[in-house]
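> Here the sequence shown stands for residues 282 to 422, where the numbers follow my numbering. Built from N, CA and C at the ideal position, the CB exists for glycine as well. Predicted model only: the values in this text are computed from it and were never measured. One structure is given below, represented as structure tokens, and several questions about it will come after.
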Amino acid sequence: MSITYDTLYDLFTWAWMDGMGSSEAWVHRQDGRGYCTTDWDDSINEPQPEDFPSDDWIVIPDKRDLDLGSHLVFRFAKTQLSAEQQEWVFDIFRQKGAYRRYKDYLTRIDQLNAWYEFQHAEEEMAIRAWAEEQGIVVRDD
């Protein structure tokens, strides 16, 4: 089975949408179809495929399952920021509302675009690695 990277990324984006686990996405093992649901708005849920659920459907993992949560932030800090800036980031993540404050801090030190580029590249590598583990061929067309 193969799927375009853009389609697979859209499924991951849906699954990661709220960070609370109320949105889920699956990809069909044989034909690459996607299926998405959410608990917060039934009106946007797609009709359930006739063969769902079955072993032919693979659930799209959560960001935390792929180590793309706060661990990603800390990897960025360790590889891209000075020791003093790293301490600021670690302090930020000791409190609630960390991601908003983190992005505000990166804006102040002119690193927000670098963070987005790093985040995007790491997400793509993680998604492609996950797909390979699942036997999914990812196309770039």
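(1) Can you name, in chain order, every residue of its own chain whose Cβ lies under 8 Å from the Cβ of Ser283, other than the five neighbours on each side?
(2) With a threshold of 7 Å on Cβ separation, who are the neighbours of Trp369 within its own chain once the five nearest residues in sequence on each side are excluded?
(3) For the 8 Å Cβ check, are there 3 or more pairs between the segment 370-380 and the segment 349-359?
(4) Any chance you could list the alpha helix (DSSP H) runs of at least 4 consecutive residues sitting entirely within the segment 348-380, in chain order?
(5) Taking the straight line between their C-alpha atoms, what separation do you get for Ile408 and Leu393?
(6) Could you check whether Ile339 and Arg310 sit closer than 8 Å to each other, using their CB atoms as the reference points?
(7) Glu305 by DSSP, collapsed to three states: which one?
In brief:
(1) Correct list, in chain order: Gly313, Ile417, Val418, Val419 and Arg420.
(2) So the list reads Tyr386, once near-sequence residues are dropped.
(3) Segment contact: the segment 370-380 against the segment 349-359, three or more CB-CB distances shorter than 8 Å; contact assigned.
(4) Taken in chain order, the whole alpha helix (DSSP H) runs of length 4 or more contained in the segment 348-380 are 351-361 and 364-373.
(5) Each residue's alpha carbon lies about 22 Å from the other.
(6) Yes, the pair counts as a contact, with Cβ atoms nearer than the cut-off.
(7) In the three-state reduction of the DSSP assignment, Glu305 falls in the strand class, which pools E and B.
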